[in-house]
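**Student:**
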Amino acid sequence: MRDPNEPFANLRALDILAIAAHPDDVEQTCGGTMIRMAEQGYRTGVLDLTAGDMGTRGTSELRIEESQAAAGHLLLSWRQNLKWPDARLENTITTRMTMAGVIRRIRPRTVILPYWTGRHPDHYRAAEIGYEACFLAGLRKLEEETEPHRPFKILYSSLYANVTPSFVVDITRQFERRMAALLSYKSQYGDSAEGSDLFPAQAEVEERLASVARFYGNLIGVKYGEPFVVKESMQVDDVVNMAVRSI
Ligand SMILES: [Zn+2]
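When we follow my numbering, the leftmost residue of the sequence shown carries the number 3, and every step to the right adds one.
1. Name the residue from T97, P229 and T148 whose alpha carbon lies nearest to the alpha carbon of Y133.
2. Does DSSP put S248 in a helix, a strand or coil?
3. For G227 and V171, which I take to be in contact (beta-carbon distance under 8 Å), what is that distance rounded to the nearest angstrom?
4. What are the start and end residues of the beta strand (DSSP E) that includes D50?
5. Relative to the alpha-carbon of H24, which residue among G54, V48, S186 and T35 has its alpha-carbon at the smallest distance?
6. Am I right that Y162 and T31 are in contact with their C-beta atoms under 8 Å? What's the rounded C-beta distance?
7. Ligand 1 heavy atoms versus the CB of S23: any closer than 7 Å?
8. By DSSP, does R109 sit in helix, in strand, or in coil?
9. Does the stretch 119-135 come within contact of the stretch 179-192, defined as at least 3 CB pairs closer than 8 Å?
10. List the endpoints of the continuous beta strand (DSSP E) containing A89.
11. Using 8 Å as the threshold, is the C-beta distance between I173 and R65 below it?
12. Per DSSP, which one or two residues make a beta bridge with V231?
13. Relative to ligand 1, is the shortest distance from any of its heavy atoms to the C-beta of H75 smaller than 7 Å?
14. Apart from the five residues just before and just after A71, which ones in its own chain have a Cβ nearer than 7 Å to its Cβ?
15. Work out the CA separation of R107 and E148 for me, nearest whole Å.
16. For G74, does the count of other Cβ atoms within 10 angstroms reach 16, so buried, or fall short, so exposed?
17. So, are the CB atoms of M56 and D26 less than 8 Å apart?
18. With V171 as the anchor, note down where its beta strand (DSSP E) starts and where it stops.
19. Looking only at C-alpha atoms, which of L221, K225 and A203 sits nearest to A212?
20. For R121 versus N93, is the C-beta distance shorter than 8 Å?
21. Any heavy atom of ligand 1 closer than 7 Å to the beta-carbon of D88?
22. Near R4, what residues of its chain come up, given a Cβ to Cβ distance below 7 Å and the 5 sequence neighbours on each side ignored?
23. Nearest-angstrom Cα distance between L78 and E41?
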């Protein structure tokens, strides 16, 4: 893990960056995929937009500390938190430009965004800011001190959306590690923490996450999976060796 006070110094480009509204969103939605990509040798990173300061449990400092512990389980090369206001994320010129600046410095080829509709406004707002920042980051004249960089691919993490995924990543071998990452947020998922009448117990969280991962895994004939949507068509070069049984 890098020194969080020197977020960009001597930073090599990332292969994949997940952008999320709240600490622990990545752990719940696409953490298995991030672990699997790191295991395959890719440089992976997470940009959290808020520190969850409106949450009932814990403080923003604690959430960020917990997210750094989770980063170890996720095998991340880089993780930063922009500390924007939780529950009131706004797509403004400032937020778009700030995120575009981050993207130009860490130069990811692939970006994962939250799905573009959902219950929590921060999630769809993060998707919107993320998309527009990826576009802006490619403009040569955006700012002088950084080179333009537009990510090649944008994936939408659709675990919470009731939509058919474009594809599912098999995370069967990464599932336990992803669960360990999520449970790093002890202020959120510890059984004895404050507000336990409002929050599900750890065992229930584990059961819920496993059920959802089982559902998506089942779509591709494996134990655990994570779903994604892409807006473009998927290209296939070999229709003989395609995965997932039809009948
Ligand atoms: Zn969230």
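The beta-carbon is built from N, C-alpha and C at its ideal position, and this holds for glycine as well.
**Tutor:** Considering the structure as presented:
1. When only C-alpha atoms are compared, the closest one is T97.
2. Note: S248 maps to coil in three-state DSSP.
3. Taking C-beta atoms under 8 Å as the contact rule, G227 and V171 qualify, at a distance of about 6 Å.
4. Where D50 is concerned, the enclosing beta strand (DSSP E) stretches over T46 to T52.
5. Distances from the alpha-carbon of H24 to those of G54, V48, S186 and T35 put G54 closest.
6. With a Cβ gap of about 7 Å, Y162 and T31 count as contacting.
7. A small correction: the amino acid at residue 23 is Ala; Ser does not occupy that position in the sequence shown. Answer for A23: yes, Cβ within range of ligand 1.
8. DSSP places R109 in coil when its eight states are reduced to three.
9. Contact fails: fewer than three Cβ-Cβ distances are below 8 Å.
10. Element bounds for A89: n/a, residue is neither H nor E.
11. I173 places its beta carbon 8 Å or farther from that of R65.
12. Partner(s): Y158.
13. No, ligand 1 has no heavy atom inside 7 Å of this Cβ.
14. Around A71: S186.
15. The residue asked about is misnamed: residue 148 is Thr in this sequence, not Glu. Pairing T148 with R107, the inter-Cα distance amounts to about 7 Å.
16. So G74 counts as exposed.
17. Not closer than 8 Å, so no.
18. F169 to D172 is the extent of the beta strand (DSSP E) around V171.
19. Comparing alpha carbon positions, the residue from L221, K225 and A203 closest to A212 is K225.
20. Their beta carbons are not under 8 Å apart, which means R121 does not touch N93 by this criterion.
21. The answer is no for D88.
22. Because R4 sits at a pLDDT of 48, beneath the cut-off of 50, its placement in the model cannot be relied upon, and the point is left open.
23. Spanning the two alpha carbons is a distance of roughly 10 Å.
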